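> Residue numbers (UniProt numbering): 1 to 316. We put the CB at the ideal spot given by N, CA and C, even for glycine. Quick caveat: nothing in here was measured; it's all calculated off a predicted structure. This is the structure I have questions about; it appears just below.
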């Protein structure tokens with residue numbers, strides 16, 4: 001067996017999303033002599049064999065930062081392949097801790113405002129997390145068959161802190177400007193379908209590409225949009241196209257069976273994890289899901305969940 005054919009070493013790592021009272025994020029810089037040395041990261045470390053993730057995170061953050069962690073929840077799981085290493089990174093939101101973080105191993109530690117996090121140089125496996133921190137955990141698709149006032153009423157009932165909205169079938173209609181204005185007034189992040197000129201004009205948070213638009217898009221064209229570009233992906237070909245275009249966010253479906261597409265075989269959670277593995281994107285799971293599926297989605301490689309009727313307020 002040649003050196004190139006030898007299996008890469010694999011490690012499991014747990015890292016903490018730690019916020020202070022001002023909403024700043026705690027980042028530390030990796031020592032120069034370590035793997036990915038000199039880059040910034042979310043603090044954490046290697047999980048020992050048989051060690052629970054919560055226990056490993058508490059141990060690592062105490063050893064590295066002098067923190068006493070008493071509560072955390074799943075945030076995102078990233079599986080990445082470096083040229084010399086395969087790593088599974090479990091990111092967890094630290095909800096309760098005591099102490100003030102400081103570099104107990106001599107490493108620089110800083111509180112960084114959320115708006116500045118993406119300006120730091122991270123290892124590739126950390127980059128999707130840096131973007132996800134600025135995105136909603138629920139991506140709500142406006143249902144079909146509603147009139148304009150019903151859509152406005154629904155938008156007013158969404159929670160801007162945890163929800164964003166995709167104005168799918170309203171993206172090219174005469175009501176778009178009014179709906180976009182409601183979103184902007186409420187601080188509700190919103191995506192427009194396929195048309196970058198409209199997305200720029202309406203100051204949209206995101207531009208979402210259907211499969212057709214994804215396959216026809218060019219990197220030069222998309223580079224003119226300042227918001228978050230996302231893509232609808234149902235298979236590896238679409239995901240590879242998104243990666244080639246440097247698109248950072250993908251909505252992957254269908255995870256479960258849906259009434260709207262009864263003939264489509266769902267991925268299931270194992271299929272979702274296999275499809276998204278080692279692809280450094282922010283993933284949303286879509287298809288037959290509800291907000292209650294968020295933790296399961298995060299355990300299988302997604303950051304958030306997406307849907308229509310189960311997410312839209314006032315729809316049973």
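To the nearest angstrom, report how far apart residue 52 and residue 179 are at their CA atoms.
Distance between the alpha carbons of residue 52 and residue 179: 46 Å.
> Decide if the region 128 to 135 is in contact with the region 53 to 63; the criterion is three or more beta carbon pairs, one per stretch, under 8 Å apart.
No, because fewer than three Cβ pairs between the region 128 to 135 and the region 53 to 63 fall closer than 8 Å, the two stretches do not touch.
> With burial defined as no fewer than 16 other Cβ atoms inside 10 Å of the residue's Cβ, what is the status of residue 215: buried or exposed?
The residue in question, residue 215, is exposed, as its Cβ has fewer than 16 Cβ neighbours within 10 Å.
> Using 10 angstroms around the beta-carbon of residue 344, count the other beta-carbons present and answer buried if the total reaches 16, otherwise exposed.
Residue 344 is absent from the model: the chain starts at 1 and stops at 316.
> Could you work out which residue in 154, 141, 96 and 42 is closest to residue 73 when comparing CA atoms only?
Among 154, 141, 96 and 42, the Cα nearest to that of residue 73 belongs to 96.
> Helix, strand or coil: how does DSSP classify residue 264 here?
If DSSP states are grouped into helix, strand and coil, residue 264 belongs with coil.
> State the start and end residues of the unbroken beta strand (DSSP E) segment that holds residue 306.
From DSSP, the beta strand (DSSP E) with residue 306 extends over 304 to 307.
> Where do the ends of the beta strand (DSSP E) carrying residue 152 lie?
Where residue 152 is concerned, there is no enclosing beta strand (DSSP E), although the alpha helix (DSSP H) it sits in stretches over 148 to 157.
> Look at residue 192 and residue 207 and say whether their C-beta atoms are less than 8 Å apart.
Yes.
> Flag this pair as touching only if the region 251 to 261 and the region 220 to 228 have three or more C-beta atom pairs under 8 Å; answer yes or no.
Contact between the region 251 to 261 and the region 220 to 228 is absent, because fewer than three Cβ pairs lie under 8 Å.
> Alpha carbon to alpha carbon, how far is residue 160 from residue 306?
If you take the alpha carbons of residue 160 and residue 306, they lie about 15 Å apart.
> Can you tell me whether residue 283 is helix, strand or coil according to DSSP?
Looking at residue 283 - three-state DSSP - the assignment turns out to be strand.
> With burial defined as no fewer than 16 other Cβ atoms inside 10 Å of the residue's Cβ, what is the status of residue 149: buried or exposed?
Classification for residue 149: exposed.
> Closest by CA to residue 14, which one among 270, 54 and 20?
Checking every option, the nearest Cα to that of residue 14 belongs to 54.
> In angstroms with no decimal places, state the Cα-to-Cα distance between residue 79 and residue 11.
Spanning the two alpha carbons is a distance of roughly 10 Å.
> Between the region 94 to 110 and the region 22 to 32, do at least 3 Cβ pairs fall closer than 8 Å?
Contact holds: three or more Cβ-Cβ distances are below 8 Å.
> Span of the beta strand (DSSP E) holding residue 29?
Counting along the chain, the beta strand (DSSP E) containing residue 29 begins and ends at 25 to 29.
> Tell me whether residue 293 is buried or exposed, calling it buried when 16 or more other Cβ atoms sit within 10 Å of its Cβ.
Buried: at least 16 other Cβ atoms inside 10 Å.
> Enumerate in chain order the residues of its own chain whose CB-to-CB distance from residue 1 is below 7 Å, with the five nearest sequence positions on each side excluded.
Bear in mind that a pLDDT of 41 at residue 1, under 50, signals an unreliable position, so the number given afterwards is only what the model happens to contain. Same-chain partners within the cutoff: there are none.
> Could you tell me the boundaries of the beta strand (DSSP E) in which residue 74 lies?
Where residue 74 is concerned, the enclosing beta strand (DSSP E) stretches over 68 to 82.
> What residue range does the beta strand (DSSP E) around residue 328 cover?
What is shown of the chain runs 1 to 316, which leaves residue 328 out entirely.
> Residue 241: which of 218, 185, 227 and 122 sits nearest, CA to CA?
That would be 218, whose Cα lies nearest to the Cα of residue 241.
> Which runs of the beta strand (DSSP E) fall wholly inside the region 183 to 252 and span at least 3 residues, in chain order?
You should have 190 to 193, 206 to 209, 228 to 233 and 249 to 252.
> If I'm right that residue 211 touches residue 232 with Cβ under 8 Å, what's the distance once you round it to whole angstroms?
Correct: roughly 6 Å between the Cβ atoms.
> Buried or exposed, going by whether 16 or more other CB atoms sit within 10 Å of the CB of residue 90?
Burial call: buried.
> With DSSP as the reference, label residue 10 as helix, strand or coil.
In the structure shown, residue 10 sits in a strand (DSSP, three-state: E or B).
> Does the separation of the CB atoms of residue 102 and residue 65 fall below 8 Å?
Yes, they are a contact pair.
> Give every residue of the same chain whose Cβ lies closer than 7 Å to the Cβ of residue 136, excluding the five residues on either side of it in the sequence, and list them in chain order.
Around residue 136: 162, 163, 164, 189 and 304.
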